[in-house]
Structures are given as structure tokens and as C-alpha cells.
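Just so we're aligned, residue 4 is where the sequence shown starts under this note's numbering, counting upward by one.
In this text, a Cβ means the ideal position worked out from N, Cα and C, and glycines have one as well.
For reference, the structure discussed in these notes is given below.
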Amino acid sequence: MGKYGVITSFDDDKSSATFAPDSTHINLRMLLSHTPGHEYDWLNGLLGKLWDIAQRGALDGTYDRAQARYTSRAHAWNRCRNGRHEQVRSEWEPPAMGASDYDIMFGATDCIGGGDVYRSTKGYYTFLSAVLGRDPKLLTSRSHDELFRPQLNKECEQALNDYVALSPAHTNFLGQRIPSSVRKTWHLRNNIFVNFDPLCIHRSKHCMKSSRGKCLKRRRELG
């Protein structure tokens, strides 16, 4: 990964792409904040024209690193880049494949990003309650603060908001159908919405709210 550069154009007649070099070092915070220059091919027309999935994955990206925030498979790359495929597969073998709360979508054996983690409702709310309750057995106070602290500077935050407004697909998928007038930023858990009342969101029994850009509060069920 990183050997091609940033794709800038694609010549349909020659079936070839033009790349610009990017020597910026990719660090862990970039990967966790989705700012390393990568983007999913199904959200970018230029990437969709490239060869095969391995070559798409080897691409540096579609924008200069740490200059914007787009969604990509960079998380998965960071997790496995230091190990051989056989080692990764053996270490990540699910410990409870027969459990009722375990599943893999479409029977996939490998994931290149974007996959879900399946858990029972009880297990999910047990974990969620521990996170929102700042359980010290799960995270230290400092780690909890960092988990919900906004990670983007003004330039990257503006790029994120522009990206969400790029097309109806971007708005519905990445913007979670939140009105375009609501400012969006990012912490290490997910998007957060600045100065927004989450009572209008009913996708789940917990909602994201950030008047200061760092809080995730579980709301009581509406009577």
C-alpha cells in the first residue's frame, strides 16, 4: 500500500490512471480518524475504474494525507499490515462461532473493511452501558476522554462536511440522513454532530450529541 500515489485522473481511452506522489507519513491517528488519503472505490468514480481489488487497495488514495476525512478500508490495513496472512487468520479465528450472537454477513471468510460485528442485544447494551458509564474496568478516564474527543482540525472538518454533501449517496450513507445544515465532525467512535438535539433521531435508543464536541449520551426512551 502506498506505492502508486494519489489518483488525479483516469484516461478511459488508454485505461490508465495518473497519480501524484505523496510522501506524508501515515500514522495511527490518521488511520483511526480516516484521514490517510484512502477512500472506498464505490464512493469514488476514479477508483472504480482501477484494475482489481488488490491494486485498488495498494493505492495511496484520492486526496493528500491528513488534509481531509473520507471513509475507507484503512482500519483493516493497519491491523494486518505487520503480519502474514496465515498468522492473521489464525490469531483472529472467532472464539465463539457457534454462539447465537455470532454471524458473518454473506458467509465471508475475509474482510477488507466495512463489515459489522454481530452481538446479541443484551451483550450490546452491556457494553454500551459500560462505555457511557465510564467503567474504569473498560477504559481509563484519560482513554475515555480521548475516545470521544474531536480529532479533526478545521481543514479536515470542512472537507468532511463537503464530502457528506457531495451526492445523495454520500449524504444518506455518511451523513446518516442528518440535515445538511448540521455541522459534522469526527471522534474515534463515529461521526458527531455539533450543536444538535438528537431527540429527532430514532435509529436506536442511544443518540450522539455534542454541544462541545466530545459527549455521547444515552437518552431515555421517549414516553
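For residue i, three-class secondary structure by DSSP
i: Val185; result: coil
i: Ser19; result: strand
i: Phe176; result: helix
i: Asp148; result: helix
i: Ser213; result: The predicted position of Ser213 is uncertain, since its pLDDT is 33 and thus under 50; a value taken from the coordinates is nonetheless stated next. Reduced to three states, the DSSP call for Ser213 is strand.
i: Asp14; result: strand
i: Gly226; result: With a pLDDT of only 33 at Gly226, under 50, the local geometry of the prediction cannot be trusted, and the value read off the model is given with reservation. Gly226: coil per DSSP, three-state reduction.
i: Thr112; result: Summary for Thr112: the model assigns pLDDT 49, below 50, so the residue's position carries little reliability, and this model does not support an answer.
Cβ-based burial, residue i [other Cβ within 10 Å; buried from 16]
i: Pro24; result: exposed
i: Gly231; result: The structure shown does not extend to residue 231, since the chain spans only 4 to 226, so no value can be given for it.
i: His41; result: buried
i: Leu31; result: exposed
i: Leu141; result: exposed
i: Leu172; result: The amino acid occupying residue 172 in the given sequence is Ala; Leu does not appear at that position. Result: exposed.
i: His28; result: exposed
i: Glu158; result: exposed
Best match in the options for proximity to residue i [C-alpha to C-alpha]
i: Ala168; options: Pro182, Asn156, Val134, Asp148; result: Pro182
i: Lys6; options: Glu160, Arg186, Ser26; result: Ser26
i: Leu135; options: Ser123, Phe151, Leu163; result: Phe151
i: Gly8; options: Phe22, Ser18, Lys17; result: Phe22
i: His37; options: Asn156, Asn175, Tyr128; result: Asn156
Contact set for residue i: own chain, Cβ-Cβ below 6 Å, skip 5 residues either direction
i: Leu35; result: Leu191
i: Ala133; result: Leu141
i: Ala20; result: Ile10, Phe13
i: Ser144; result: none
i: Glu160; result: Thr188
Beta-carbon proximity list for residue i, same chain, < 7 Å, skipping 5 on both sides
i: His147; result: Arg137
Sequence-distant residues of its chain with Cβ nearer than 8 Å to residue i (five each side left out)
i: Asn164; result: Arg186, Lys187
i: Lys17; result: none
i: Arg180; result: Thr174
### Query
Between the stretch 5-16 and the stretch 34-49, are three or more C-beta pairs nearer than 8 Å?
Taking 8 Å as the limit for Cβ pairs, the verdict is that the stretch 34-49 does touch the stretch 5-16.
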